[in-house]
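S.K.: Next up is a structure, given as structure tokens.
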Amino acid sequence: MIILDGKKTSNDLKEEIAAEVVKRKAEGKKTPHLAAILVGTDGASMTYVNSKVKACEKVGFNSTLIDLPEETTEEQLLHEIAELNNDKDIDGFIVQLPLPNHIDEQKVLMAIDPDKDVDGFHPVNVGKMTLDLPTFLPATPFGILELLKRYKVETSGKNVVVIGRSHIVGRPMSILMSQKREAGDATVTLTHSRTKNLSEITQKADIIVAALGKAEFLTGDMVKEGVTVIDVGITRVKDETKKRGYRLAGDVDFDSVAPKSEFITPVPGGVGPMTIAMLLKNTLLACEKVD
Ligand code: NAP
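Here you go:
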């Protein structure tokens, strides 16, 4: 069993990006600048945004955090987005999801300039991704592809089962791995909450991407020997033994699945850190576009 170490791989990637930034600066080119908008005080969202800002500092990017109160109106948020769209110093920006209920998420994502949409959520970029055209790939699927590539996990001709069809993880993952590309060329089955006999489907999988958000859902009896397992899930599970009162659990029951796996990602330290590294990569790409 080989651990797909997302922490180490993301650190390698960050070092590569940092070296690129040093080179850019020496050549008198612009320093990449990522902005993040956070609305409200959701604990997990604040943690994610802060780690993104910290990661920017680590690789030598400039970063701006726009921290807005919960009661921000949709109009005010759209105004902030318009400002970032027009700010020549900002190469890319993200709006941390989820947004408060009174704000229409789709309307907000549509307002972002596709050339600055480093999360890759704008319909123009989703369309380009689907058509195999160069674009910003959504960070989590992009990170999984990179992890598979760097560990030379064979995907061509393999049976891949993706659990979860969300717009940010499951669906793009299924599209990307079915494409003619590195870490692609797979035969992909996309499953969701209406899928019947899921266990029978996962038992036939060479590679499983679990992205459903249910702690320790995938168990050893649901997988075959030699499977590769990518665990995307991050759920806070109550744990009184921890100082913060919870632990982070993946969608995979690691203890029963790992012994049957050829490759497996841990939680934490698997897909999570890769997601942040790929956001930085997309920001660098956005900056290079305007050189
Ligand atoms: P989401 O939007 O809640 O989507 C969950 C998907 O799982 C839905 O398609 C749902 O089906 C499906 N599902 C739910 N229960 C199921 C079941 N019993 N069997 C089969 N499918 C089931 O979730 P998401 O945003 O994709 O996130 C998934 C998990 O990944 C969460 O834990 C999230 O925190 C984590 N995440 C991690 C990262 C990272 O960087 N590591 C990034 C993003 C998300 P329906 O469509 O039928 O409802």
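So the sequence shown is numbered by this note's numbering: it starts at 912 and just counts up by one.
Quick reminder that beta carbons are idealized off the backbone N, C-alpha and C, glycines included.
How many angstroms separate the CA atom of E927 from the CA atom of L1058?
M.R.: Roughly 15 Å separates the two Cα atoms.
S.K.: Residues with a Cβ closer than 6 Å to any heavy atom of the ligand NAP, in chain order?
M.R.: Having a Cβ closer than 6 Å to some heavy atom of the ligand NAP are T1051, I1074, G1075, R1076, S1077, I1079, V1080, G1081, T1102, H1103, S1104, R1105, T1106, L1109, A1122, L1123, G1124, K1125, V1143, G1144, I1145, T1146, V1182, G1183, T1186.
S.K.: To the nearest angstrom, how far is it from the Cα of L1087 to the Cα of Q987?
M.R.: In a straight line, the C-alpha of L1087 is about 35 Å away from that of Q987.
S.K.: Using DSSP bridges, identify the partner residues of L1101.
M.R.: DSSP, once it has assigned bridges, lists V1073 as partnering L1101.
S.K.: Which one or two residues does DSSP pair with T1139 in a beta bridge?
M.R.: Paired residues: I1118, F1174.
S.K.: Can you tell me which of the three DSSP states I992 falls into?
M.R.: DSSP places I992 in helix when its eight states are reduced to three.
S.K.: Could you round the C-beta distance between D1015 and E985 to whole angstroms and report it? I think they count as a contact, below 8 Å.
M.R.: Yes, they are in contact, since the Cβ atoms of D1015 and E985 sit about 6 Å apart, within 8 Å.
S.K.: Alpha carbon to alpha carbon, how far is L1101 from R1076?
M.R.: Going from the Cα of L1101 to the Cα of R1076 covers about 7 Å.
S.K.: Identify every residue that forms a DSSP beta bridge with R1147.
M.R.: According to DSSP, which records beta bridges pairwise, R1147 is partnered with L1159.
S.K.: Determine the DSSP secondary structure at G1003, reduced to helix, strand or coil.
M.R.: Strand at G1003.
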